[in-house]
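Here's the structure, in structure tokens; my notes come after.
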Amino acid sequence: MAYFEVEDLVSYYGKVEVVSHVSITAEAGETVALLGRNGAGKSALMRTIMGLSPPLRQSGRVRLDGRDITGLPPHRIARLGISLAPDDHRIFPHLTVEENLILAQKLTHRDRQPRSLDEVYDAFPLVSELRARNGGVLSGGEKKLVAIARAMIQRPAIIMLDETSEGLSPVMVNQLVQVIKRLQAERITLLTADQNLRFCSKIAERGYVLERGRVQFKGSIREFWEKVEADQMSLMH
Ligand SMILES: Nc1ncnc2c1ncn2[C@@H]1O[C@H](COP(=O)(O)OP(=O)(O)O)[C@@H](O)[C@H]1O
Ligand SMILES: [Mg+2]
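Here it is in structure tokens:
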């Protein structure tokens, strides 16, 4: 049995099935890429895993380390160690970056030992440089980095990164890759939703390609490259 398992998950926005019988697995410490064009259902899948609604889960199971966590409310899922760095960041605009991080630290469940600010700043020098800045004035890329820092400060077992490389400068992407390698060295399991195969190939060996809510391909990132090059698959909008 895999460490993390999604089995035959189905969820809906209104009457539209946006996650259609999706099954994915991740081993402890593995990084798994979720690829697919805009609207393919990557964010909907992550939200459904996290217990966030909408979308509304209709059927299927989610298991973490053998435990069925299907249908638990988001705060319980977070407490069990799954964290989402959402594509819309959810950074508090009127708090500084540091205050945003301290809040996440304080909200860490007592079962989990949060990281220190120094540890996060050490891993993420760009976030350290932003610490006194208000959340509301950050660029889109900066907000993404802060959202990851906020997720990692709670020391989760699994981090779901939703479209984190999107809109980042090359310097930011490099730093993101370094942070991800650090998390990998700590055997944190990562699920990364992205449209950028080049970015995924730096951090993951295998993954899934979603199309209209379904898993269209699963396999190694190398196989995905071959498919893109042979024009059998398109990942862009
Ligand atoms: N809040 C929402 N209400 C209704 N439909 C939505 C909402 N958010 C996304 N959708 C629809 O759900 C489908 C999957 O979207 P999404 O999970 O955001 O895709 P991705 O993250 O792969 O770009 C799309 O058809 C999108 O239009
Ligand atoms: Mg998305």
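For the sequence shown, our numbering begins at 1109 and goes up steadily by one. All residues carry an ideal CB built from backbone N, CA and C; glycine is no exception. Fair warning: this is a prediction, and the values are worked out from it, not measured in the lab.
Assigned secondary structure, residue i (DSSP; H/G/I helix, E/B strand, else coil)
i               : result
threonine 1156  : helix
glycine 1248    : helix
glycine 1104    : Nothing can be reported for residue 1104, as the shown portion of the chain is limited to 1109 through 1345.
leucine 1143    : strand
glutamate 1125  : strand
aspartate 1339  : coil
serine 1151     : helix
isoleucine 1296 : coil
alanine 1257    : helix
Cβ-based burial, residue i [other Cβ within 10 Å; buried from 16]
i               : result
glutamate 1237  : exposed
glutamine 1262  : buried
alanine 1136    : exposed
lysine 1063     : The chain is shown from 1109 up to 1345; residue 1063 falls before or after that span and cannot be answered.
valine 1170     : buried
valine 1279     : exposed
asparagine 1146 : exposed
alanine 1240    : exposed
aspartate 1270  : buried
Residue i CB to nearest heavy atom of ligand 1 below 7 Å
i             : result
serine 1151   : yes
tyrosine 1120 : no
valine 1126   : yes
glycine 1159  : no
alanine 1148  : yes
Residue i CB to nearest heavy atom of ligand 2 below 7 Å
i              : result
alanine 1193   : no
glutamate 1334 : no
glutamate 1319 : no
glutamate 1274 : no
Boundaries (first-last residue) of the beta strand (DSSP E) holding residue i
i              : result
glutamate 1115 : 1112-1121
arginine 1322  : 1322-1328
Residue span of the alpha helix (DSSP H) that contains residue i, given as start and end
i               : result
leucine 1305    : 1305-1311
leucine 1318    : Taken as a continuous stretch (DSSP letters only), leucine 1318 belongs to no alpha helix (DSSP H), being part of the beta strand (DSSP E) at 1314-1319.
methionine 1280 : 1278-1293
serine 1236     : 1233-1237
| message | Report the start-end ranges of each beta strand (DSSP E) in the segment 1157-1219 that is 3 residues or longer and not cut off at the edges. | response | 1164-1172 and 1190-1193
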